[in-house]
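Encoded as structure tokens, the structure appears first; notes follow it.
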Amino acid sequence: MMENKNNRNTEEELDTASEAKAGEDEAVEIPVEDGNLEEAENGGAEEETEEAQQESDDSEPAEETAGNEDAEGSGNAKEGFFRKKKKDKKEEALKARIDELEDRVKRQMAEFENFRKRTDKEKAAMFETGAKSVIEKILPVVDNFERGLAAVPEEEKGSAFVEGMNKVYKQLLTELDNMGVKPIEAVGQEFDPNFHNAVMHIEDENFGENIVAEEFQKGYTYHDTVVRHSMVKVAN
Numbered sequence: 018m019m020e021n022k023n024n025r026n027t028e029e030e031l032d033t034a035s036e037a038k039a040g041e042d043e044a045v046e047i048p049v050e051d052g053n054l055e056e057a058e059n060g061g062a063e064e065e066t067e068e069a070q071q072e073s074d075d076s077e078p079a080e081e082t083a084g085n086e087d088a089e090g091s092g093n094a095k096e097g098f099f100r101k102k103k104k105d106k107k108e109e110a111l112k113a114r115i116d117e118l119e120d121r122v123k124r125q126m127a128e129f130e131n132f133r134k135r136t137d138k139e140k141a142a143m144f145e146t147g148a149k150s151v152i153e154k155i156l157p158v159v160d161n162f163e164r165g166l167a168a169v170p171e172e173e174k175g176s177a178f179v180e181g182m183n184k185v186y187k188q189l190l191t192e193l194d195n196m197g198v199k200p201i202e203a204v205g206q207e208f209d210p211n212f213h214n215a216v217m218h219i220e221d222e223n224f225g226e227n228i229v230a231e232e233f234q235k236g237y238t239y240h241d242t243v244v245r246h247s248m249v250k251v252a253n
């Protein structure tokens, strides 16, 4: 009797469990389908939203990239302008420096040329001064030759000694002439204080006025410069 009652209770429990399970299956199937639909719809909307967001994100970097490219191009142009300006200033400074150096070289060359001319002139003047000094010392020797030969008696002028002295005297005059030493013409010439030194005056009708009547010491010039004035007597 107890077994039958237990079996009945067991069958009822099984039936109740089967009905509950069937109800759960039906309850699960409907929400799952509706949920999947909503999830699909929500997923589609989310995908569309993500695509729109992605497009917005893609468009924003594009705009930013364009702006960056414009800014970069402007920066490059500005940098190129300043670089060109700096280069032009450098070239101008270099050209000014070159002009300054060329002007300095021209000035130095002109100064050197003037120095060379001045040096040559001073050298020539020093040489003439030295030559004149030597000639002034030689002229008394010439005077002594002339006095000695003038004092030789007429009968001794043909002697070997006198002829030798005469040859030495002529050779000395020849060398002085080659050096540019010339005797000053005096007797019979009009008195010229630039070449003559009057030590006496005489009254002589045979000579015109202010004419050199006699020469006491011969004068000489060296390259048109008077080395020694002629000592003369002048007729009034």
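In the working numbering, the protein residues as written are 18 to 253.
The beta carbon of each residue, even a glycine, is placed where N, CA and C say it ideally should be.
Computed from a predicted structure; not experimentally measured.
Start-to-end residues for the alpha helix (DSSP H) that takes in residue i
i	result
E195	One detail in the question is off: residue 195 reads as Asn in this sequence, not Glu. Counting along the chain, the alpha helix (DSSP H) containing N195 begins and ends at 177–196.
Alpha carbon of residue i to alpha carbon of residue j, nearest angstrom
i	j	result
V249	Q234	7 angstroms
V122	L193	46 angstroms
D221	N253	7 angstroms
F212	L166	26 angstroms
K102	R114	18 angstroms
P210	M217	14 angstroms
F132	G147	22 angstroms
R245	E153	7 angstroms
N195	L189	10 angstroms
K138	S150	18 angstroms
S247	R124	48 angstroms
V251	A141	36 angstroms
D120	K134	21 angstroms
E117	L111	10 angstroms
E109	E130	31 angstroms
Residue i - containing beta strand (DSSP E), residue span
i	result
I201	First-last for I201: undefined, no H or E at that position.
A215	213–219
Identity of the residues DSSP links to residue i by a beta bridge
i	result
A158	According to the sequence shown, residue 158 is Val rather than Ala. Its beta-bridge partners do not exist; DSSP assigns none.
E232	V249
V243	T238
E207	I228
Heavy atom of the ligand GDP within 7 angstroms of residue i beta-carbon
i	result
M196	As for the ligand GDP, it is missing from this structure, which has no ligand bound.
Short Cβ contact (8 angstroms threshold) for residue i with residue j
i	j	result
A215	F224	no
E145	T242	yes
V10	V179	For residue 10 there is no data in the structure shown, the boundaries of the chain being 18 and 253.
E228	G205	Reading off the sequence, residue 228 comes out as Ile, not Glu. Yes.
Quiz prompt | the stretch 188–207 in contact with the stretch 229–241 per 3-pair CB rule at 8 angstroms | solution = yes
Quiz item: Would the stretch 184–191 and the stretch 156–163 be scored as touching if the rule is three or more Cβ pairs under 8 angstroms?
Solution: Yes, the stretch 184–191 is in contact with the stretch 156–163.
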